[in-house]
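Only one structure is covered here, and it is reproduced in the block below.
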Amino acid sequence: MATISREEVAHLARLARLAVTDEELDTFAGQLDVILQAVAQVGEIAAADVPPTSHSVPLTNVYRDDVVVPGLTREDALAGAPDAEENRFRVPRILDEEA
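Quick note: the sequence shown uses my numbering, first residue 13, plus one each step.
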């Protein structure tokens with residue numbers, strides 16, 4: 013299998029605008045070579061008679077009927093609020109704009 017060279021790693025680093033040292037180039041070259049070999053192995057195993065899939069097991073969506081249920085009243089919702097004003101939640105101002 014072809015290995016990735018230091019020069020190719022340096023080129024990729026330049027394209028990605030990464031500053032790498034000579035020591036890192038050697039390290040990354042070895043790591044990228046291992047990754048490329050693993051991808052090549054997967055490519056060898058994949059056969060034409062195996063359909064591409066996104067999941068190893070079939071998925072089925074489980075739907076439930078939409079049922080309207082009563083929600084909180086305004087009073088119940090505001091009961092736990094730290095501060096309320098004119099039937100609304102009162103929150104701290106985050107912008108220095110006048111209303």
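Cβ atoms here follow ideal geometry from the backbone N, Cα and C, with glycine treated the same way.
Query: Taking all protein chains shown into account, decide if V21 is buried (16 or more other Cβ within 10 angstroms of its Cβ) or exposed.; Result: buried
Query: Measure the alpha-carbon distance for L37 versus L30 and round it to whole angstroms.; Result: 11 Å
Query: Going by DSSP in three states, E35 sits in which element: helix, strand or coil?; Result: helix
Query: I need the straight-line Cα distance from R26 to A52, nearest angstrom please.; Result: 25 Å
Query: Would you check if the distance between the CB atom of R102 and the CB atom of A96 is smaller than 8 Å?; Result: yes
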